[in-house]
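Residues -21 to -1, 1 to 421 in mature numbering (1 follows the signal peptide of the UniProt record, and there is no 0) are what the sequence shown lists, from first letter to last.
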Amino acid sequence: MGTKLVLGLWSLLCVVSLASSKAVVSCKDKGICRDLRIITANSDEIPSGLTQYRQSAESIDLHGNLMERFSGQHVGTASQLKALNLSYNLLKDDLKGISNKVQEIDLTYNQLRHVTVPRGVKKFIAVRNKLSRVTFAGSDVEELNLSKNQLDRVPDIKGQSRMVVLDLSCNEISEANFDDLPWSLSYLNLANNRIFQTSGSRALNSLQYLDLSSNILTIVDESFNAIPNVQQLYLKNNEIVMFEKSLIFNSLGTIDLVSNDLDCNSVNDFLKKHSRAKLVADERNCKADTRYNLCCIQSSAPYADRVIRYNKRQHEALQSSSMYQQHGPNCANYKPSPCDGDDNKVYEVANAAAYDVQSLVAQDKEALQGILNQQRILLGTKQTEKDRIDNENNQLQTTLNDLTGYIGKLYQDDGFIGQANPAEQLKQIFTKRDGDNKATLE
């Protein structure tokens, strides 16, 4: 991590220095500037960067800035703000001062241990933090993603009556009670937890997608009657032996039961009732009986047999752990966990942000050069126009001088003496000649 950290900070600090420690702001939509990208090492510089966009900004992207603190006051002047991206920073403290007009917040890859979802927020993402507690200031959340955290229980979301999507995968949850979930849910991901039992009886009629993969369930019991309309059910990589006989999912379209300890009789009865469902095929080389392309075991005492095999697997796991400590990991058999994270990711994103600044500076330079060229062209056009007007003025002045000289000569020819302006001279000439004409006529 050290090398990438140094590179990321170095690039970021260099560019920020070029920007005189001010926030670098660009309009991602290249129009009215509703969608802003702000790059700054100092969150206190955000308000000054927003000055000319206070009335237009609806979305502000602050990802990859390595910010350690942030307050709603930093973007408080953006009166139309609806979406806020704070992902890939180093935030540790709960959010405060967020306007209730903000509807979307992304806090992916930070270091939060506790967070309060602000009132008014409909979509809240806080993937890959250190969250152990989540609270809600309102009841407006429709989509909540808290994957890859340290939650040991489902947060109190019963009051979130509009929630449709909930992702709590890759946490440390041990029990799932369907009674604790809002009836409005249609998507629920609880994969990669430590769930050993489910409970509850309140029907979640809207739930269509449920993922309980990679937990430690041993039975699909009567609590699953709470999800009668589920269409996609993922239960792979558990310890499932049996199914409650009364279970019927009328809308079931896909089911995954791979890598379980299935009892052949029980799984056979269950799948007969759900013959229309697409079953994910088990690609393992089964040593036991196979039904419906699934590995299963025929036994008169399913659970007793599982206890023996479970103890055997525990012994093998201890042996494997001992070999790992002695010889290191077996890279050939290594499979990354979907819950693994990359601690370098924040700094890699920050490093990319530094290059974004350089790109923005280059774009701004190019844009300014374009404006300068336009001004030069305009100046040239204006100069040409000025030269034309000056030439016309010179011609007019020459004509005027000739006319003035002609009038002066007539003035002298008519016998006038003294100084007078051309207009007065013409007046005297016309008066004299008018008098001469009258005398001639008489």
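Note that beta-carbon positions come from the ideal geometry of N, C-alpha and C, so glycine has one too.
Range covered by the beta strand (DSSP E) that runs through residue i
i, result
"Leu145", "144 to 146"
"Val246", "Unbroken run through Val246 is the alpha helix (DSSP H), 243 to 251; no beta strand (DSSP E)."
"Thr19", "Careful: Thr19 lies outside any beta strand (DSSP E) and carries neither H nor E."
"Leu189", "188 to 190"
"Asp235", "233 to 235"
"residue 505", "In the structure displayed, the chain extends from -21 to 421; residue 505 sits before or after that span and is not available."
"Gln34", "No beta strand (DSSP E) holds Gln34; DSSP gives it neither H nor E."
"Tyr213", "211 to 213"
"Ser5", "3 to 6"
"Asn272", "Asn272 -> no beta strand (DSSP E), and no H or E assigned at all."
"Ser178", "176 to 178"
"Ala280", "Looking at the DSSP string, Ala280 is not in any beta strand (DSSP E), and its letter there is neither H nor E."
"Tyr166", "166 to 168"
"Asn44", "Element bounds for Asn44: n/a, residue is neither H nor E."
"Leu63", "62 to 64"
Bounding residues of the alpha helix (DSSP H) (the contiguous stretch that carries residue i)
i, result
"Gln82", "First-last for Gln82: undefined, no H or E at that position."
"Ile39", "First-last for Ile39: 38 to 40, but that is the beta strand (DSSP E), not the alpha helix (DSSP H)."
"Thr410", "401 to 420"
Own chain partners of residue i with C-beta closer than 8 Å, once the 5 adjacent residues on each side are dropped
i, result
"Ala418", "none"
"Ala109", "Sequence inspection shows Lys at residue 109; the Ala mentioned does not correspond to that position. Once the five neighbours on either side are set aside, the close Cβ partners of Lys109 are Gln90, Leu91, Arg92, Asn128, Gln129."
"Val220", "Thr197, Ile198, Asn239, Asp240, Leu241, Asp242, Ser245, Pro281, Tyr282, Arg285"
"Glu121", "Lys101, Lys102, Arg141, Met142, Val143, Val144"
"Leu69", "Leu45, Met46, Glu47, Asn89, Gln90, Val325"
"Ser111", "Arg92, His93, Asn128, Gln129, Leu130, Asp131"
"Asn229", "Pro207, Asn208"
"Asn416", "none"
"Asp392", "none"
Close beta carbons around residue i, own chain, < 7 Å, minus the five adjacent residues each side
i, result
"Asn247", "Arg270"
"Gln52", "Gly76"
"Leu405", "Ile386"
"Leu183", "Phe157, Leu160, Trp162, Leu164, Ala205, Ile206"
"residue 422", "In the structure displayed, the chain extends from -21 to 421; residue 422 sits before or after that span and is not available."
"Arg13", "Ser35, Ala36, Glu37, Ser38"
"Ala260", "Asn272"
"Lys137", "Asp159, Pro161"
Same chain only: Cβ atoms within 6 Å of residue i, ignoring 5 sequence neighbours per side
i, result
"Tyr303", "At Tyr303 the pLDDT is 47, less than 50, meaning the model places this residue with poor confidence and gives no usable figure here."
"Gln16", "At residue 16 the sequence reads Arg, which differs from the Gln that was named. So the qualifying residues of the chain are Ser5, Lys7, Asp40."
"Leu250", "Tyr271"
"Thr410", "none"
"Asp131", "Glu151"
"Met383", "Per the sequence presented here, residue 383 reads as Thr, with Met not at that position. Result list for Thr383: Pro401, in chain order."
"Gly28", "Ala2, Val4, Ile17"
"Asn79", "Arg98, Gly99"
"Asn172", "Asn150, Ile152, Asn194"
C-beta contact flag for residue i and residue j at 9 Å
i, j, result
"Leu186", "Asn208", "yes"
"Ser126", "Arg141", "no"
"Leu65", "Asn89", "yes"
"Ser118", "Gln139", "yes"
"Ala94", "Asp73", "Going by the sequence as given, residue 94 is Val instead of Ala. Yes; because the gap between Cβ atoms is below 9 Å, this pair is in contact."
"Pro26", "Ala170", "no"
"Leu231", "Arg255", "yes"
"Tyr213", "Ile234", "yes"
"Gln176", "Glu154", "yes"
"Thr114", "Val133", "no"
"Asp85", "Leu60", "no"
"Gln211", "Leu189", "yes"
"Asn168", "Ser193", "no"
"Arg33", "Ser58", "yes"
Buried versus exposed call for residue i [16 or more other C-beta atoms within 10 Å across all chains shown]
i, result
"Gly414", "exposed"
"Ala205", "buried"
"Phe157", "buried"
"Tyr67", "buried"
"Ser(-1)", "The predicted position of Ser(-1) is uncertain, since its pLDDT is 46 and thus under 50; a value taken from the coordinates is nonetheless stated next. Ser(-1) should be labelled exposed."
"Ala20", "buried"
"Asp146", "buried"
"Asp369", "exposed"
"Glu371", "exposed"
"Glu24", "buried"
"Asp135", "exposed"
"Thr30", "exposed"
"Thr87", "buried"
"Gly10", "exposed"
"Ile174", "buried"
Chain D within 9 Å of residue i, Cβ atoms only
i, result
"Ser180", "Going by chain labels, chain D is absent from the structure shown, which holds only one protein chain."
Heavy atom of the ligand ADP within 8 Å of residue i beta-carbon
i, result
"Lys101", "What this structure holds is no ligand at all, so the ligand ADP is not there to describe."
Requested in this report: List in chain order: all unbroken beta strand (DSSP E) runs of 3+ residues lying wholly within the stretch 96 to 158.
Outcome: The stretch 96 to 158 contains these whole beta strand (DSSP E) runs: 102 to 104, 112 to 115, 122 to 124, 144 to 146, 154 to 156.
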